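What follows is one structure encoded as structure tokens, with my remarks underneath.
Number of protein chains: 2
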Amino acid sequence: MRVVHDIEEMRAISQKARAEGKTVGLVPTMGALHSGHIELARRAREECGIVIMSIFVNPIQFGPNEDYEAYPRTLKADAELAEEAGVDYIFAPDAKQMYPKEPLTSVDVGKLTEHLCGASRPGHFRGVATVVAKLFNITRPHRAYFGMKDAQQLRVLIRMNEDLNFGITIVPVPTVREADGLAISSRNTYLSREDRLRAVVLSRSLKLAERLVASGELDAGKIKSAMRDLIMSEVPDALIDYVEIVDDDTVQPIDKVDGKALVALAVRIGGTRLIDNVTVKA
Amino acid sequence: MRVVHDIEEMRAISQKARAEGKTVGLVPTMGALHSGHIELARRAREECGIVIMSIFVNPIQFGPNEDYEAYPRTLKADAELAEEAGVDYIFAPDAKQMYPKEPLTSVDVGKLTEHLCGASRPGHFRGVATVVAKLFNITRPHRAYFGMKDAQQLRVLIRMNEDLNFGITIVPVPTVREADGLAISSRNTYLSREDRLRAVVLSRSLKLAERLVASGELDAGKIKSAMRDLIMSEVPDALIDYVEIVDDDTVQPIDKVDGKALVALAVRIGGTRLIDNVTVKA
């Protein structure tokens with residue numbers, strides 16, 4: 018496995034692989050690798066001739082009061098994990114390479130970014146779509162792998178890929194969870210031991226939503242109330258950013274579960290903002 | 018020469034050419050070909066192994082009161098001209114292929130689009146950047162050819178290419194002019210015979226700006242006044258959209274010519290909006 022820092026070197030490697038008829042797989046990450054990322058890499062390894070994992074903490078997707086500076090940067094440990102998972106190249110440019118000038122160009126995916134994290138993190142998905150467009154152009158993958166934990170991001174990138182005709186196969190990979198159900202995230206490392214245990218309430222509230230829908234409760238308001246009540250009863254100092262039920266395609270809030278819906282939440286526990294989601298069908 | 022309507026067919030043709038080691042050249046147009054376009058195609062023919070000319074009247078770059086419906090569509094004549102100029106493939110998708118769903122994704126190039134046509138045609142450059150990103154992704158050219166008449170468009174696309182790491186060589190091609198100096202444009206066909214003759218005042222006003230700068234006049238306000246006076250004295254019923262002098266890189270208005278500057282104008286003559294420009298150096 019090789020770590021490549023230079024954009025043009027990465028471009029050349031990928032071009033050569035394509036020219037040799039290899040399927041190029043891209044796994045975009047911000048590093049701080051955990052078993053969710055490793056699952057993306059394993060899947061790419063199974064399906065592709067060459068696996069590129071990008072590791073780039075992208076400044077333009079963080080808000081001014083967010084954790085860009087604090088975000089864990091662990092390239093050495095990441096490289097070992099990536100190699101074990103079968104990654105061929107880590108692409109780890111620095112911010113100056115990715116943004117040598119003031120970035121004037123932005124890629125926006127309207128409508129899908131109006132709610133959920135799009136509402137509470139203005140500009141976040143613009144930053145994500147823009148950097149992923151850059152990574153797509155540099156590596157020109159045949160297939161790109163994204164985790165389903167970032168449900169809205171996944172939908173935004175699927176739509177960007179379609180709308181801008183990138184022609185890439187976007188592969189959604191199921192969320193990896195701890196034994197107790199907590200969705201694995203790089204931000205889990207911010208949690209105190211106690212908060213880590215209490216955070217299980219998030220996945221439990223999603224399970225509750227699933228059970229309610231399965232038992233015939235389709236009123237989104239009632240489902241959300243039950244979820245909120247559960248979260249607040251178990252973690253009274255939790256700060257709920259959102260608990261929302263949206264149409265699975267349009268990411269617009271719905272009143273009634275009808276067809277495929279996305280149940281998603283963002284909650285701060287002990288100051289750490291955690292997200293999770295599940296899709297339900299009625 | 019072949020006319021291709023299907024996006025995936027075009028993508029496959031271009032991919033094959035790249036795989037064979039050919040240099041792929043793209044000449045994006047809206048059709049209604051004239052000698053300016055032909056010059057782009059000739060230049061591409063000289064420099065590339067395969068020349069693709071796209072012909073697509075892009076709805077999303079026209080404002081609600083602009084000439085999208087009226088814009089000349091002359092594919093048959095265009096195909097003959099393109100073939101003579103050495104084009105290998107015309108890519109002529111229809112609007113439903115290019116926008117099968119409501120287009121949610123847009124590419125914006127900030128700052129460079131604030132003034133000139135960006136100010137008078139809100140959303141225009143977003144539409145241009147978005148469709149060109151799509152064309153770039155479909156055809157993946159090594160080189161793409163754009164005329165210098167569309168000065169702001171050229172700068173926007175150069176910046177988009179850099180910011181989003183498309184890795185394409187953008188080739189600016191000098192404006193082709195009629196014998197009397199009028200910049201050749203598809204919209205010239207809208208002009209009455211009389212207005213066609215009067216329209217020469219635009220290129221003459223740019224020549225005046227060049228002469229003034231050459232003679233040491235660097236005050237942008239004075240140069241613009243002299244240009245406006247010339248235009249209004251010769252065509253009293255002209256409607257000046259803008260006569261502006263901007264920094265050649267940032268496309269921000271300047272008070273004093275210092276280094277490279279872009280002198281640009283947009284003027285309606287007999288209802289037809291014409292643009293032209295020249296770069297000057299002090």
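Taken in sequence, the protein lines are chains A and B.
For the first sequence, position 137 matches number 154 in my numbering, and the numbering has no gaps at all.
For the second sequence, position 95 matches number 112 in my numbering, and the numbering has no gaps at all.
A virtual CB, placed ideally from N, CA and C, is assigned to each residue, including glycine.
These figures come from a predicted structure and were not determined experimentally.
Taking every protein chain shown into account, the CB of H141 of chain A has 16 or more other CB atoms within 10 angstroms, so this residue is buried.
Going by C-alpha positions, D105 of chain B is about 8 Å away from M70 of chain B. Proximity of chain B to L129 of chain A at the Cβ level (cut-off 8 Å) is accounted for by L121, in chain order.
Burial check for S31 of chain B: the Cβ neighbour count within 10 Å reaches 16 or more, so the residue is buried.
Straight-line spacing of the CA atoms in D95 of chain A and R138 of chain A works out to 27 Å. Nearest to I67 of chain A by C-alpha distance, out of A:R60, A:Q78 and A:G42, is A:G42.
With the rule of 3 Cβ pairs closer than 8 Å, the segment 127-138 of chain B counts as touching the segment 255-266 of chain B. Residues of chain A with a Cβ closer than 7 Å to the Cβ of R176 of chain B are, in chain order, L121 and T122. Under the 7 Å criterion on CB atoms, A150 of chain B is classed as interfacial with respect to chain A. When CB distances to chain A are screened at a threshold of 7 Å, the residues of the segment 26-41 of chain B falling below it are R28 and A36, in chain order.
Close partners of D167 of chain A in chain B (Cβ separation under 9 Å) are lacking, with about 18 Å as the shortest Cβ gap. Taking all protein chains shown into account, P158 of chain A has 16 or more neighbouring C-beta atoms within 10 Å of its C-beta and is therefore buried. A Cβ of chain B is located within less than 7 Å of the beta carbon of N154 of chain A. DSSP places T122 of chain B within a strand segment (E or B) once states are collapsed to three. Distance from the CA atom of D111 of chain B to the CA atom of L121 of chain B, rounded to whole angstroms, is 18 Å. The beta carbon of S222 of chain B is closer than 6 Å to those of M244, L247 and I248 in its chain, skipping five residues each way along the sequence.
When beta bridges are read from the DSSP output, S71 of chain B appears opposite B:P45 and B:F108. If you ignore the 5 residues before and after T91 of chain A, its C-beta comes within less than 7 Å of the C-beta of G48 and A49, all in its own chain and listed in chain order.
For secondary structure counted as the alpha helix (DSSP H) over 4 or more consecutive residues, the segment 154-215 of chain B holds these complete runs in sequence order: 168-180 and 210-215. In the DSSP annotation of this structure, the continuous segment of the alpha helix (DSSP H) that includes K33 of chain A starts and ends at I24 to A36.
Burial of H54 of chain B is indicated by the presence of at least 16 other C-beta atoms within 10 angstroms of its C-beta. Here E56 of chain A is buried, its C-beta having at least 16 other C-beta atoms within 10 Å. Note on geometry: alpha-carbon atoms of L133 of chain B and D275 of chain A lie some 48 Å from one another. Here P191 of chain B has M165 as same chain residues with Cβ atoms under 6 Å from its own Cβ, once five neighbours each way along the sequence are excluded. Judged by beta-carbon spacing, I187 of chain A lies within the 7 Å limit of A161 of chain A, meaning their Cβ atoms are closer than that value. Cα atoms of I292 of chain B and S203 of chain B: separation of roughly 11 Å, rounded to the nearest angstrom. Non-local beta-carbon contacts of R143 of chain A in its own chain, meaning distances under 6 Å to residues more than five positions away in sequence, involve S123 and D125 in chain order.
The residue from A:R176, A:E195, A:R290 and A:D197 with its alpha-carbon nearest to that of P117 of chain B is A:R176. For F183 of chain A, the neighbours in chain B by C-beta distance under 8 Å run, in chain order, N154. Listed by position along chain A, the residues whose Cβ is nearer than 9 Å to that of V126 of chain B are L121, T122 and S123. By the neighbour-count criterion, in which a residue is buried when 16 or more other Cβ atoms sit within 10 angstroms of its Cβ, L279 of chain A is buried. For the pair G233 of chain B and V217 of chain B, the CB atoms are not nearer than the 7 Å cut-off. With a threshold of 16 other beta carbon atoms within 10 Å, P253 of chain A falls short and is exposed. Annotation: Cβ neighbours of D180 of chain A in chain B (cutoff 7 Å, chain order): P120, L121 and T122. Burial of S220 of chain A is indicated by the presence of at least 16 other C-beta atoms within 10 angstroms of its C-beta.
C-alpha of E195 of chain A to C-alpha of E86 of chain B: approximately 57 Å in a straight line.
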